[in-house]
Amino acid sequence: MIMPPKGLYAVNKKNTLCQFRNFLKAITFFIFTRNYANMQSPPMKSVLITGCSCGIGLCVAQGLKQAGYRVFASARQEKDVEMLKAQGFEALHLDLSSSKSINMAIDAVFKKTNTLYGLIHNGAYGQVGALEDISRQVLEAQFQTNVFGWHELTNLVLPKMKQYNEGRIIYLSSVLGFVAMPFRGAYNASKFAIEGLANTLRLELSKTQVQLSLIQPGPIESKFRTNAYKAFSKHIEMENSDYRANYQKMIVRLQSKELADFTLGAEAVLKCCLHALSAKQAKIHYRVTFPTKLFAVLIRLLPTWLMDKALNKAGGGGER
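Every number in this note's numbering is 12 more than the matching position in the sequence shown, counting from 1.
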C-alpha cells in the first residue's frame, strides 16, 4: 500500500481549518452588511440638568455628555452659562425662582429638540439657621428655588414625555429629605416637600412610561457649604439671636476647607444618574453615602425619642 507523504494529514487539517474560518468570516460579513443598510444609530437622548455651575450639577453634565447624551446644562448666573458653553455644552440661563426664566429656558430647549428624555432637578441651595430666626420671606425664597421652580419645570416637560411615552425625571433630594436636623429647618422642609411631590407624581404617572427617581445624597464634595454661608449671612440676624453661640461655631464649620466625615465625590451621584436614565427599571430611591444609608435604617428601628437624640448629636446642635 502506498503511504501518503509524511505530514500530509497535518497540512490538509490546517487547510481545512483555514477554509472553515474564511467561510465563517464570509457568512458573518454577509449578515452584517445586509443588516447594516437597515440600521440607524439610536437618536441621542436629550437631558436637561439644572444647577450646573459647579459641584454635582457640573459633574453630572460632564459625565452624561461623555456617555453620549445630549446635555442641556443650565445655570442661574450668566458667567456660569458662558463657562458651560466654553466646555461645549448647549447651555441655558435658568433661574428657578423666576417663572419667566423657567419658561424661556424650556422654550429654548424645545426649539432645538422635539422632546426631552431626561430632566434632572439639581439646582438648589441650603438656608441654614434656627427656624425661630427664619422669616416667612426667607422661607418662601427657599421654597421658590428648591420646590416651586422644580414643580413648574416638571409640569412644562411632562406633556412632551407623555406624548412620546418615555421619560426619566430625577430629583436630587437629600438625607435631609427624610430625617430632620437642627438649624437646617428651611432646607429640611424644602426637601421633605420635594419627596412628597415626587412620591405623589410617581403614583399619578404609574400607567405611563415616565419613571421618577429620588437620589438622596449625604455629604458630597461641592460648594454647598459656601453657598449656605452666603444665605446665612444675608438672611439671619445673628447678633440678636438666642442661638448666637451656636451660630459662631456653625460659621467655623461652614467656612472650613476640611471635608465632613464620609464625604464622597460628585461622581457617586453621577453613577446613580446614569443608572436612573439607562436602566430598564430605574430605582425609586438611590441612597448615596454612609450617613444616608445609616439613617434610612435607624429611622425604621429607633423610637422617636431615641432618633431625636441621634439626630441632635449628628447635627452637632447646630454647630456642624
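No residue lacks a Cβ here, since even glycine has one placed at the ideal position from N, Cα and C.
Pair within 8 angstroms by beta-carbon distance, residue i and residue j
| i | j | result |
| --- | --- | --- |
| residue 118 | residue 168 | yes |
| residue 161 | residue 222 | no |
| residue 4 | residue 227 | The structure shown does not extend to residue 4, since the chain spans only 13 to 332, so no value can be given for it. |
| residue 134 | residue 68 | yes |
| residue 83 | residue 59 | yes |
| residue 172 | residue 220 | no |
| residue 106 | residue 114 | yes |
| residue 111 | residue 157 | no |
| residue 322 | residue 314 | yes |
| residue 146 | residue 79 | no |
| residue 257 | residue 231 | no |
Residue from the options whose Cα sits closest to the Cα of residue i
| i | options | result |
| --- | --- | --- |
| residue 210 | 238, 132, 242 and 141 | 132 |
| residue 183 | 313, 270, 259 and 295 | 295 |
| residue 261 | 322, 328, 70 and 69 | 328 |
| residue 187 | 326, 321 and 304 | 304 |
| residue 279 | 300, 123, 94 and 115 | 300 |
| residue 125 | 268, 81 and 200 | 81 |
| residue 129 | 254, 140 and 76 | 76 |
| residue 237 | 224, 212 and 270 | 270 |
Buried or exposed by the 16-neighbour rule on C-beta atoms within 10 Å, applied to residue i
| i | result |
| --- | --- |
| residue 324 | exposed |
| residue 274 | exposed |
| residue 196 | buried |
| residue 193 | buried |
| residue 293 | exposed |
| residue 208 | exposed |
| residue 218 | exposed |
| residue 234 | buried |
| residue 92 | buried |
| residue 41 | Bear in mind that the predicted position of residue 41 carries a pLDDT of just 35, short of 50, making it unreliable; the figure below should be weighed with that in mind. So residue 41 counts as exposed. |
| residue 215 | exposed |
According to DSSP, residues forming a beta bridge with residue i
| i | result |
| --- | --- |
| residue 84 | 60 and 102 |
| residue 176 | Bridge partners of residue 176: none, in fact. |
| residue 299 | 228 |
| residue 223 | 180 |
| residue 276 | 232 |
| residue 133 | 183 |
Integer Cβ distance of residue i from residue j, believed to fall under 8 angstroms
| i | j | result |
| --- | --- | --- |
| residue 281 | residue 229 | 6 angstroms |
| residue 86 | residue 66 | With 8 angstroms as the limit, residue 86 and residue 66 do not qualify as a contact, their Cβ atoms being about 13 angstroms apart. |
| residue 205 | residue 137 | Not quite, the Cβ-Cβ distance comes to about 15 angstroms (not below 8 angstroms), so this is no contact. |
| residue 250 | residue 259 | 5 angstroms |
| residue 202 | residue 154 | 5 angstroms |
| residue 245 | residue 142 | The Cβ separation is near 15 angstroms, so there is no contact. |
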